[in-house]
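Chemist:
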Amino acid sequence: MRIRIHILLAAVLAGILPAAAAAQDESQGDLTPEIYYLMPEFGQGMIWFSNQGPAEGKLNICAEDNTLRYLDKDGKEVVAASIDNVVKVQIDTAVFIRSEGAFYRIYPVSDEMAVAVRRDLDIQRDAQRGAYGSYSRTSSIREYSTLYADGVTYQLEKSKKYPFTVSETCFLYTGGKIVSFSKRTLRKYFPQRKDDIDVYLKSGKSLPEDLSDIQAFLTRLSSGESL
Numbered sequence: 035m036r037i038r039i040h041i042l043l044a045a046v047l048a049g050i051l052p053a054a055a056a057a058q059d060e061s062q063g064d065l066t067p068e069i070y071y072l073m074p075e076f077g078q079g080m081i082w083f084s085n086q087g088p089a090e091g092k093l094n095i096c097a098e099d100n101t102l103r104y105l106d107k108d109g110k111e112v113v114a115a116s117i118d119n120v121v122k123v124q125i126d127t128a129v130f131i132r133s134e135g136a137f138y139r140i141y142p143v144s145d146e147m148a149v150a151v152r153r154d155l156d157i158q159r160d161a162q163r164g165a166y167g168s169y170s171r172t173s174s175i176r177e178y179s180t181l182y183a184d185g186v187t188y189q190l191e192k193s194k195k196y197p198f199t200v201s202e203t204c205f206l207y208t209g210g211k212i213v214s215f216s217k218r219t220l221r222k223y224f225p226q227r228k229d230d231i232d233v234y235l236k237s238g239k240s241l242p243e244d245l246s247d248i249q250a251f252l253t254r255l256s257s258g259e260s261l
């Protein structure tokens with residue numbers, strides 16, 4: 035029987051971080067939800083565990099630290115303190131696989147393969163504001179101007195409080211594993227297309243980087259179409 039997530043997480047996931055709901059507002063700063071979370075808003079979701087049955091509730095995932103967030107019975111946001119046994123989360127129609135401490139959003143290509151996208155958000159709280167509103171830090175600061183999610187393009191404004199970087203990296207999800215999207219893995223999982231892959235890359239072309247282009251590339255590989 036499914037148990038409501040605000041009950042299950044409190045009882046089973048090794049407790050809840052004290053004052054998590056209040057602390058979250060400060061950590062988010064002035065970043066908008068589509069940047070700070072993996073979903074633009076909290077949605078009805080389901081969590082699957084490695085050691086028990088599923089649970090449901092209003093869920094989201096923090097892009098900065100990959101913590102699982104949920105709304106309790108009073109509608110307050112809470113951070114799940116222990117999610118080591120979480121293997122999969124679905125929020126609305128979006129599916130996330132948890133692997134090595136990170137959540138990857140899954141975009142199916144075929145019955146055997148999907149693209150797994152990991153988003154990394156780095157809020158640079160240690161950057162020092164200098165003259166004319168500029169920032170300095172030991173490492174270089176890059177700021178993406180757009181973010182794509184569910185077919186919607188979000189224009190990212192610079193944070194007034196902290197600079198930040200956000201990036202998305204595509205992997206392959208096959209056989210229950212997250213693997214790199216590379217020549218080596220493509221030749222491994224598409225052995226019948228090894229020669230085609232080699233010819234494609236030797237012609238001076240490179241592997242696609244954008245999600246939609248990777249999906250199209252994998253579809254052609256799977257179907258036997260020309261690359």
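Residue numbers (this note's numbering): 35 to 261.
The beta-carbon is built from N, C-alpha and C at its ideal position, and this holds for glycine as well.
Measure the C-alpha to C-alpha separation of A115 and V123 and round it to an integer number of angstroms.
Modeler: Computed Cα separation, rounded: 16 Å.
Chemist: Would F83 and R152 be called neighbours here (beta carbons separated by less than 8 Å)?
Modeler: No, Cβ-Cβ distance for F83 and R152 is not below 8 Å.
Chemist: Quick check on DSSP: helix, strand or coil for K222?
Modeler: Helix, per DSSP.
Chemist: Under a Cβ-count criterion, where at least 16 other Cβ atoms within 10 Å of its own Cβ denotes burial, should P197 be classed as buried or exposed?
Modeler: That one is buried.
Chemist: Taking I125 as the reference, which of G135, L105 and D64 has the closest Cα?
Modeler: That would be L105, whose Cα lies nearest to the Cα of I125.
Chemist: Below 7 Å CB to CB, which residues in the same chain sit around A128 once its five sequence neighbours on both sides are set aside?
Modeler: Hits under 7 Å: M73 and R139.
Chemist: Evaluate Y234 with the Cβ neighbour count: other Cβ atoms within 10 Å of its Cβ, from every protein chain shown; 16 or more gives buried, anything less gives exposed.
Modeler: Looking at its Cβ environment, which holds 16 or more other Cβ atoms inside 10 Å, Y234 is buried.
Chemist: Under the rule that 16 or more other beta-carbon atoms within 10 Å means buried, what is L252, buried or exposed?
Modeler: Result: buried.
Chemist: Within 10 angstroms of the Cβ of R159, are there 16 or more other Cβ atoms? Answer buried if so, exposed if not.
Modeler: Counting Cβ neighbours within 10 Å, R159 comes out exposed, since fewer than 16 surround it.
Chemist: Would you decide whether L102 is buried or exposed? Buried here means 16 or more other CB atoms lie within 10 Å of its CB.
Modeler: Result: buried.
Chemist: Leaving out five residues on either side along the sequence, give the residues of the same chain with a beta carbon under 6 Å from the beta carbon of L93.
Modeler: If we look at L93 and ignore the five residues flanking it on each side, its Cβ neighbours are G79, Y104 and I125.
Chemist: Looking at the unbroken alpha helix (DSSP H) that takes in A250, where does it start and where does it end?
Modeler: L245 to S257 is the span of the alpha helix (DSSP H), which, as asked, contains A250.
Chemist: According to DSSP, simplified to helix, strand and coil, what is L206?
Modeler: L206 falls in the strand class under three-state DSSP.
Chemist: Kindly indicate which residue of T203, N100 and F76 has the alpha-carbon position closest to the one of L245.
Modeler: The candidate whose alpha carbon is nearest that of L245 is T203.
Chemist: Which residues in the same chain as S133 place their Cβ atom closer than 7 Å to its Cβ, once the five residues preceding and following it in sequence are excluded?
Modeler: Counting only Cβ-Cβ distances below 7 Å, and skipping sequence neighbours, we find I212.
Chemist: Between P142 and A150, what straight-line distance do the alpha-carbon atoms span, to the nearest angstrom?
Modeler: Each residue's Cα considered, the two are about 9 Å apart.
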